[in-house]
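Novice:
Numbering (this note's numbering), first residue to last: 99 to 403.
1. Can you check DSSP and say which residues form a bridge with residue 137?
2. Thinking C-beta only, is residue 344 closer than 9 Å to residue 320?
3. Alpha carbon to alpha carbon, how far is residue 172 from residue 110?
4. Within the same chain, show all residues whose beta-carbon is closer than 6 Å to that of residue 340, passing over the 5 residues directly before and after it, in chain order.
5. Start and end of the alpha helix (DSSP H) containing residue 218?
6. Closest to residue 103 by C-alpha separation, out of 175, 373, 230, would be which residue?
7. Comparing alpha-carbon positions, which option in 385, 279, 291, 161 lies nearest residue 299?
8. Since residue 232 and residue 366 are thought to touch, with beta carbons under 8 Å apart, how far apart are those beta carbons, to the nearest angstrom?
9. Sort out for me which residues DSSP pairs residue 131 with in a bridge.
10. Quick check: what's the CA-CA separation for residue 114 versus residue 108?
11. For residue 341, report the span of its alpha helix (DSSP H) as first-last.
12. Looking only at its chain, what residues have a beta carbon closer than 6 Å to the beta carbon of residue 265, apart from the 5 residues adjacent to it on each side?
13. Would you decide whether residue 191 is buried or exposed? Buried here means 16 or more other CB atoms lie within 10 Å of its CB.
14. Hey, could you find the ends of the alpha helix (DSSP H) residue 249 is sitting in?
15. Mind checking residue 289: buried by the 16 CB within 10 Å criterion, or exposed?
16. Rounded to whole angstroms, what's the CA-CA distance from residue 297 to residue 124? Just pull it up for me.
17. Could you work out which residue in 147, 246, 308, 151 is closest to residue 212 when comparing CA atoms only?
18. Are residue 170 and residue 148 touching if we call contact CB-CB under 9 Å?
19. From residue 112 to residue 99, what does the alpha carbon distance come to, in whole angstroms?
20. Using 8 Å for Cβ pairs, my map puts residue 270 next to residue 334. What's the rounded Cβ distance?
21. Sort out for me which residues DSSP pairs residue 100 with in a bridge.
22. Taking C-beta to C-beta, are residue 179 and residue 137 nearer than 9 Å?
23. Do you know whose CA, among 263, 281, 295, lies nearest residue 287's CA?
24. Residue 272: buried (16+ other C-beta within 10 angstroms of its C-beta) or exposed?
25. Smallest Cα separation from residue 182: which of 360, 118, 331, 373?
26. Quick one: give me the first and last residue of the alpha helix (DSSP H) that residue 266 is part of.
27. Go ahead and label residue 205 buried or exposed: buried means 16 or more other beta carbons lie within 10 angstroms of its beta carbon, across all protein chains shown.
28. Per DSSP, which residues does residue 170 bridge with? Please list them.
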C-alpha cells in the first residue's frame, strides 16, 4: 500500500512499511499486541503507540526499532492506494513477477538451501518443506488419500507446521532449543522461525539453515519411524539426541561451533530426563508410603501385644 491518510491501511496485515506486513516483520510483537485490527490512521492518532500483554525484555529492542520507524512516518491527506509490491516504482513488470514466483512464501531465496553445507537429500527435503510439498497427511489427503489424517504423536491433524512446530513432541524439542539459546519463546511456524532465530541468535546467520535442517530432519525421521516401523519415540529428547548426532557430521569450518551447541543441547536434554526420572521415583515412593499396609504396619492388621 501507498499510505496517504492511513484510513484504508491495516497496521499489521497490509504491506506499507518496508516490503512485508508488520505481522511478518515482527511476529512476536504481533502475537502479544492487543491492537491486532488497528489501522495506520488509528495508530497515528494514538501517537504511534500500541498496547502489549506482558512484553518480555527480549522483545523491547524490537519494539524500540519499530517505534523508531513509525515516528519517522508522516501521513498526508491523500487516500491510501494499492501498488505493485515487487518493483521500486510500484508498476507491474513481467521480470518482477518471475523474480517473485521463484522465491518462497517467506520472501527468502531458495539459494540459501542449496548453498547450505548439508547432505544433498536434506537439501531436497528442506526445499520440499519450504514449498509445503512434503508428504504430511494433509498433503496426502489433497492427493485423494483416505487414511487417518491425525498426527502420529497426538490427536490433531498432521500439517507441516503442526508436525514441525505445533505438536506436543516438537514443542518440547523447540523448548529445549530455546533453553539453550537463553529464551522462553519458541517459533510457532516456519515463517516465524526466521524472525525468531534472528532475535535470539543475532550474528549467527551462517548457522540458521543448518540448525533448522537438523531439527526438521530429526523430527521427520521420528515421524517416519512411527509411520512405517510402528516405533514411537520413548521421549522427545530422543529427537534432540538424533539431531545432535546429525550436527556432528557438519563440515570442519563450522563443526566446532555446532558441536559445542550440540553438546549443550545434549546436556540440557539429559538433565531434563534425569529430573523427570527423579520426580517419577519420588512419586512412586510417596504412593507406596500412602498405600494400605505400608510403613510401620507388619501387614497383619493386628496391634502388638
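Even for Gly, the Cβ is constructed at its ideal location relative to N, Cα and C. Just so we're clear, the structure is a prediction, and the values are computed from it rather than from any experiment.
Specialist: The relevant details are as follows:
1. Taking the first residue of the chain shown as position 1, residue 137 is located at position 39. Answer is 108.
2. Against the chain shown, residue 320 aligns to sequence position 222. Against the chain shown, residue 344 aligns to sequence position 246. No. Outside cutoff.
3. Your numbering for residue 172 matches position 74 in the chain shown. Your numbering for residue 110 matches position 12 in the chain shown. The alpha-carbon separation between residue 172 and residue 110 amounts to approximately 17 Å.
4. Taking the first residue of the chain shown as 1, we reach residue 340 at position 242. Close CB contacts of residue 340 within its chain, under the 6 Å cut and outside five residues either way in sequence, are with 316 (chain order).
5. The residue labelled residue 218 in the question sits at position 120 within the chain shown. Residue range 218-228 is occupied by the alpha helix (DSSP H) that includes residue 218.
6. Along the chain shown, one-based indexing puts residue 103 at 5. Answer by Cα proximity: 175.
7. Within the chain shown, residue 299 is the residue found at index 201, counting from 1. Shortest Cα-Cα distance from residue 299 to any of 385, 279, 291, 161 involves 279.
8. Numbered from 1 along the chain shown, position 134 holds the residue referred to as residue 232. Numbered from 1 along the chain shown, position 268 holds the residue referred to as residue 366. Incorrect: roughly 28 Å between the Cβ atoms, too far for contact.
9. If you number the chain shown from 1, residue 131 lands on position 33. Note: residue 131 sits in a beta bridge opposite 150.
10. Your numbering for residue 114 matches position 16 in the chain shown. Your numbering for residue 108 matches position 10 in the chain shown. The straight-line gap from Cα to Cα measures roughly 9 Å.
11. Within the chain shown, the letter at position 243 stands for residue 341. For residue 341, the enclosing alpha helix (DSSP H) stretches over residues 335-345.
12. If you number the chain shown from 1, residue 265 lands on position 167. So the list reads 249, 251, 252, once near-sequence residues are dropped.
13. Within the chain shown, the letter at position 93 stands for residue 191. Its Cβ having fewer than 16 others within 10 Å, residue 191 is exposed.
14. What you label residue 249 is simply residue 151 of the chain shown in a count that begins at 1. Run containing residue 249: none; DSSP gives neither H nor E here.
15. By 1-based counting over the chain shown, the position of residue 289 is 191. It counts as buried.
16. Translated into positions along the chain shown, residue 297 becomes position 199. Translated into positions along the chain shown, residue 124 becomes position 26. Whole-angstrom Cα-Cα distance: 10 Å.
17. Taking the chain shown and counting its residues from 1, one reaches residue 212 at position 114. The option with the nearest alpha carbon to residue 212 is 308.
18. Here residue 170 corresponds to residue number 72 of the chain shown, with the count starting at 1. Here residue 148 corresponds to residue number 50 of the chain shown, with the count starting at 1. Against a cut-off of 9 Å, the Cβ pair of residue 148 and residue 170 comes out as no contact.
19. Mapped onto the chain shown, residue 112 falls at position 14. Mapped onto the chain shown, residue 99 falls at position 1. Distance between the alpha carbons of residue 112 and residue 99 is about 7 Å.
20. The sequence position of residue 270 within the chain shown is 172, counting from 1. The sequence position of residue 334 within the chain shown is 236, counting from 1. Right, the Cβ-Cβ distance comes to about 4 Å (below 8 Å), so this counts as a contact.
21. For the purposes of this step, residue 100 is identified with residue 2 of the chain shown, where counting begins at 1. According to DSSP, residue 100 bridges with 179.
22. Position 81 of the chain shown holds residue 179. Position 39 of the chain shown holds residue 137. In this structure, residue 179 lies away from residue 137, with their beta-carbon atoms at least 9 Å apart.
23. Counting from one through the chain shown, the residue named residue 287 turns up at place 189. Per the Cα distances, 263.
24. Against the chain shown, residue 272 aligns to sequence position 174. So residue 272 ends up on the buried side.
25. In the chain shown, the residue the question calls residue 182 occupies position 84. Considering only alpha carbons, the answer is 118.
26. Here residue 266 refers to the residue found at position 168 of the chain shown. Taken as a continuous stretch (DSSP letters only), the alpha helix (DSSP H) holding residue 266 covers 266-278.
27. Taking the chain shown and counting its residues from 1, the one referred to as residue 205 is at position 107. Low confidence applies to residue 205: its pLDDT is 43, below 50, so where it sits in the model is not reliable enough to give any reading.
28. Working through the chain shown from its first residue, we reach residue 170 at position 72. Paired residue(s): none; residue 170 is not in a bridge.
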